[in-house]
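In my numbering, the protein residues as written are 34 to 470.
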């Protein structure tokens, strides 16, 4: 029964609504701040439009067209939680029983220690079409779309899907670690009376998986002079400390090493990372590091390699280090290699090794050697750190100190690494330096 309308009260009179004056026009708006305005916070956005190209591959039976791809791309590419969509067409539909798509992740490992192996670490299947058994005709074209998962199950643990990676493109040549992805279109067909089923027809397309990430905050825009910025903005710097040890039975004190890097500790592949390095020790220790004295009673009966050590200059390096570790057939393989060499400048400007005259006295015979500089990843580095049960890739910023005249020096070579994270995108978009999608 419909709900009855309530009758109007006969004793009530109706009035017209009051008149309203037109509202003032809305003020003009711009995303750019005005002369008296400033941006307090902003969310980084990608300035790059979504690709509109179509990637096509085919064989004698199957053709697949994948949407939202770069024009003339060698391989299709997808990011985190991207939709994989397009169309599949068949040149012949006779006897076709089912059509489905399989996405697979494969890991290939090889080393001198453990041999080689090939693993499938991830797969997911989607039915595009399947016969219902009623003898219906298979269509010749199938649109499809599904979302690529961003996690996978790895030995009972849910982990982020690793990016496409190949260590063979780096400086390491005695190991191989390759993480790759495939899209497979599989068509199952019925056979003749003699053979119930024909072998399935397949079309395989490798694709690139590249999840994108940004640092949580930008690098301090004007990091130098360091002593000024560390006083005005100490929250912008992170201090890494270590000690350069001395050999036994020596009266030389160790050197305290202080490396300062931006507090965010997460950097884009396109970022230039500023740093400040300070070596603190008694003046005698710094002099021994720069140019140790050779006792007068020392007999210089050494090999050519040892004799050359006497004239070597000290080495002060700051660089980016990548460590690749994997387990293959129970054997652990680890390799480390540089992925970016830093540029150092002795302070104050014009200071040069091995001069100690420009070191800064701190009282009680304590002095410092000071350096500033920058480091950035090599241009061929397009993948950051990730981890799986069989493979781990980690990145570090590393200081390396080798004393002058290592054979006679009271110091050991010193190397200290601190973990950092390298990611695909800068914290804010730069239209003049657009990262590859």
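Just so you know, even glycine gets a beta-carbon here, dropped at the ideal spot from N, CA and C.
With a threshold of 16 other beta carbon atoms within 10 Å, residue 236 meets it and is buried. Using a 10 angstroms sphere on the CB of residue 294, the tally of other CB atoms reaches 16 or more, which defines it as buried.
Its chain contains 286, 398 and 399 as the residues whose beta carbon lies nearer than 7 Å to that of residue 315, once the 5 sequence neighbours on both sides are disregarded; these appear in chain order. With 16 or more neighbouring CB atoms inside 10 Å of its own CB, residue 140 falls in the buried class. The beta carbons of residue 292 and residue 405 sit no closer together than 9 Å. Under the DSSP assignment, residue 320 falls in the alpha helix (DSSP H) whose first and last residues are 316-323.
Rounded to the nearest whole angstrom, the CA to CA distance from residue 232 to residue 126 is 15 Å. Taking the Cα positions, residue 259 is about 12 Å away from residue 381.
For residue 282, there is no enclosing beta strand (DSSP E), as DSSP marks it with neither H nor E. Remark: fewer than three beta-carbon pairs, one from each stretch, lie closer than 8 Å, so the region 150-166 and the region 89-99 are not flagged as touching. Secondary structure at residue 361: strand, using DSSP grouped into helix, strand and coil. Taken in chain order, the complete beta strand (DSSP E) segments of 3 residues or longer contained in the region 142-211 are 148-163, 174-180, 184-187 and 190-193. The beta carbon of residue 375 is closer than 6 Å to those of 351, 352, 406 and 408 in its chain, skipping five residues each way along the sequence.
Where residue 65 is concerned, there is no enclosing beta strand (DSSP E), because DSSP gives it neither an H nor an E. Residue environment for residue 166: exposed (fewer than 16 other C-beta atoms within 10 angstroms of its C-beta). The beta carbon of residue 452 is closer than 6 Å to those of 429 in its chain, skipping five residues each way along the sequence.
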